[in-house]
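Before any comments, here is the structure.
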Amino acid sequence: MKIPMLDLHAQYEALMPEIRRQLDKVFASHHYIMGAQVKEFEEKMQGYLGIKHAIGCASGTDALVLAVKALQIGQGDEIITTPFTFFATASSIWRNHARPVFVDIDPKTFNLDPSKIEAAITPNTKAIMPVHLFGQCSDMPAIMDIARRHNLKVIEDNAQGIGSTWDNKMSCSFGDIGTLSFFPSKNLGAMGDAGMCLTNDDDLAAALRQLRVHGEGPKYYHKCVGLNSRLDTVQAAVLLVKLDHLAAWSKARRANAAFYDRHLAGIDGLTTPYIDPKAQTIYNQYTLIASRRDELMQHLKKKDLACAVYYPLPLHLQECFSEMGGKQGDMPVSEELAEKVLSIPIYPELTEDMQQYVVDSITEFYR
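With the sequence shown counted from 1, adding 292 to any position gets you the working numbering.
Spelled out as structure tokens, the structure:
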């Protein structure tokens with residue numbers, strides 16, 4: 293049996309007739325930049341997440357860059373964030389000429405450890421950027437409490453967690469700005485790059501809308517230097533269709549995770565994902581902590597069973613950040629997990645037979 297990490301063929305099969313109808317509307321209007329579907333999708337997302345302003349942009353990375361820029365964070369400023377995340381989290385800070393300050397993660401949730409944040413705060417600290425990794429919301433009440441006490445802004449990097457909650461409160465609704473990615477492999481994925489910023493602050497929303505169009509307002513008059521980062525109308529049309537299915541897909545991912553939890557429990561050398569009781573995750577990834585991880589990965593690949601390591605090298609050890617002086621041992625939890633984590637397929641279209649094959653293959657290795 294061959295099982296990919298994600299099967300977009302299966303995902304799109306039933307959706308294509310409606311997607312084609314939406315795309316035909318775009319082609320009929322020839323309004324490919326900031327067309328009607330962009331505003332419609334933004335408004336639909338505002339309703340879905342219960343957040344006042346949704347501002348579409350060109351990618352999840354751009355959403356982070358725009359968020360930092362809108363908060364006027366730049367040269368000489370610092371933002372506290374996690375080293376155990378995709379590169380864009382830190383690069384968005386760096387590209388705004390600010391400095392990412394890494395704080396280690398909770399060994400169970402893989403998210404930023406709130407108990408370690410305050411020790412990293414300096415007079416130059418301007419914000420905290422937690423990441424809702426693998427679809428599980430960070431402990432945002434604890435992070436927001438620290439931010440309020442130290443007068444810091446909060447940017448939620450929610451590239452992997454759309455629809456996840458903490459105490460029934462939606463991720464992206466805690467901080468000053470939340471960001472989303474609609475990269476094709478995400479739970480809500482476009483047919484290309486796309487992203488979004490979310491905020492309940494009217495002034496920040498206005499700044500974000502201006503920044504995504506070169507800082508223009510009115511046309512050809514520029515009060516600041518922004519980006520060319522507009523959500524493509526074609527992508528908005530695709531996302532309009534897919535958003536209606538997101539809740540059901542998230543529910544199916546949780547059901548698949550429950551299957552794995554039951555059948556992989558008790559295997560010596562393997563730890564299934566921990567989900568905080570206050571969190572409802574959307575399982576962008578189902579990530580195991582595995583002894584002999586690399587050997588397991590090779591075993592699964594021989595079985596035609598896809599798996600992936602997110603992430604093999606923490607950001608404080610990346611070559612491009614070497615001038616910051618990060619070294620082995622600075623972030624022991626992140627460093628240890630980078631050598632042990634392994635993600636297996638969790639997408640909604642997995643059948644029970646496919647999941648059983650995954651379980652049997654992993655069990656066979658450890659037996």
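In this text, a Cβ means the ideal position worked out from N, Cα and C, and glycines have one as well. No experiment lies behind these values; they were computed from the predicted model shown.
Close CB contacts of Ala412 within its chain, under the 7 Å cut and outside five residues either way in sequence, are with Ile372, Val393, Val395 (chain order). If one requires a minimum length of 3 residues, the beta strand (DSSP E) runs lying completely within the stretch 321-408 are 345-349, 370-373, 391-394, in chain order. The Cβ atoms of Tyr649 and Asp299 do not sit closer than 9 Å to each other.
A direct Cα-to-Cα measurement between Ala434 and Leu605 gives close to 27 Å. Here Cys489 carries a strand assignment [DSSP, helix/strand/coil].
Following the DSSP letters along the chain, one finds Thr525 inside the alpha helix (DSSP H) bounded by residues 525-535.
The residue among Ala550, Met326, Lys632, Ala557 with its C-alpha nearest the C-alpha of Glu587 is Lys632.
If you draw a straight line from the Cα of Ala499 to the Cα of Lys570, it is about 33 Å long. The Cβ atoms of Ile295 and Leu580 lie no closer than 9 Å to each other. In this structure Met337 is in contact with Leu535, their Cβ atoms being roughly 7 Å apart against a cut-off of 8 Å.
For Lys418, the uninterrupted beta strand (DSSP E) run begins and ends at 417-421, by DSSP. Residue nearest to Met589 within the set Leu531, Thr655, Ala549, Arg501 is Thr655 (criterion: CA-CA distance). Going by C-alpha positions, Ala355 is about 37 Å away from Glu644. Taking all protein chains shown into account, Ile325 has fewer than 16 neighbouring C-beta atoms within 10 Å of its C-beta and is therefore exposed. Boundaries cannot be given for Lys294, as no alpha helix (DSSP H) includes it and DSSP labels it neither H nor E. About 4 Å separates the beta carbons of Asn388 and Val360, which is inside the 8 Å limit, making them a contact pair.
DSSP places Lys445 within a strand segment (E or B) once states are collapsed to three.
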